[in-house]
Each structure stands twice: as C-alpha cells, then as structure tokens.
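Undergrad: If you count by the working numbering, then the sequence shown holds residues 50 to 189, one letter each, in order. Idealized CB from N, CA, C, for every residue including glycine.
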Amino acid sequence: MTRCRICGLEKRAEIDAALILGRPLRVISKEFGVRRSTLHRHSRHVRGQAEKAIQRVTLEYSKHLRQSMAQVQKATLEILESAKRGGDRELALRAAEQARQNTECMRKLLSRTAEPKVNQKRNPGTPELVVEYEGAAHVA
Ligand SMILES: [Zn+2]
50 MTRCRICGLE KRAEIDAALI LGRPLRVISK EFGVRRSTLH RHSRHVRGQA
100 EKAIQRVTLE YSKHLRQSMA QVQKATLEIL ESAKRGGDRE LALRAAEQAR
150 QNTECMRKLL SRTAEPKVNQ KRNPGTPELV VEYEGAAHVA
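This is how it looks when you write it as structure tokens:
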C-alpha cells in the first residue's frame, strides 16, 4: 500500500545498500536519479526491513545456541552418571561442577536472548543506519 517510488524500483537493493552504507543522500540521488526527499522517506522503509531481518537472525542464533548448550549439558550429565556408577568420585565432582557451570551459562543465555531488542538510530544529516542490539547472545 506504500506509494514509495523507490520500493518498486528494480535497483531498490542497490539503493538500500547505499543507504545502509551511509553514503550521502546527494550522491545516491545523483547516481540513481531519485530525489533526496524521496530517498529520505524511503530510508524509513529500509530501517523497518533491517530491523525485521536482525530480529529473525537473532532468534535463529539464540535457538541454535540453546540447542548446543542443551547437548553439552546432556553429555555432561551422562558423564556424571557414568562416573557415579563407576565410583569415580573425582570425575563425578568435576562433572557436577561442569553441569553447574553449564546451567549458569544457559541461565545467562536465556536472560540475554529471550527478547531481543533492536535499537536503530539515524545519524542526523545522513541516512546512515546505526544498528545496535541488546540481547546479543554473548555468553561470558
Ligand atoms: Zn520505500
């Protein structure tokens, strides 16, 4: 339902890339033959799509990390059980400590990736998009 002149252009991807890279509007305007005001309006559409793409990637990444951590924890608990059955107290203690660390790591991971938030800022005077996001799946 948008009447944006750029959204329907064949060269939209190239224009979007130029906007994301922060190239000056006057340069993009000249190169693609579109008015600066139209580019300025269109830059909002680019931000919306970038935000959705980042959220999709972030969710996929956190899902992958959670699955990996679940596998690590499962293997650790198997080692713990095996060590207990075999009477290897030292290995059992080490596995129990590792399981505790895995749990802590998962707790941090879940707290940081449960609801990814995407903040986008626009530098004044340029269409440059500065994307920052909280909830990055950083596990310390
Ligand atoms: Zn547009």
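1) Who sits around ligand 1, taking every residue whose Cβ is closer than 5 Å to one of its heavy atoms?
2) State the start and end residues of the unbroken alpha helix (DSSP H) segment that holds K60.
3) If you pair each beta-carbon of the region 117-134 with each one of the region 143-151, do three or more pairs fall below 8 Å?
4) Does the region 121-130 come within contact of the region 90-102, defined as at least 3 CB pairs closer than 8 Å?
5) What does the Cβ neighbour count give for A102, buried or exposed, with the cut at 16 atoms within 10 Å?
6) If we ignore side chains and look at the alpha-carbon of each, how far apart do R90 and V106 end up?
7) Within 10 angstroms of the Cβ of L28, are there 16 or more other Cβ atoms? Answer buried if so, exposed if not.
8) Rounded to the nearest angstrom, what separates G136 and R156 at their Cα positions?
9) What whole-angstrom Cβ distance do R54 and V83 have, given they're in contact under 8 Å?
10) How is V83 classed by DSSP in three states: helix, strand or coil?
TA: On the basis of the supplied data:
1) C53, I55, C56, H91 and H94
2) Unbroken run through K60: none, as it is neither H nor E.
3) yes
4) no
5) exposed
6) 26 Å
7) Any question about residue 28 goes unanswered here, given that the chain covers just 50 to 189.
8) 30 Å
9) 7 Å
10) coil
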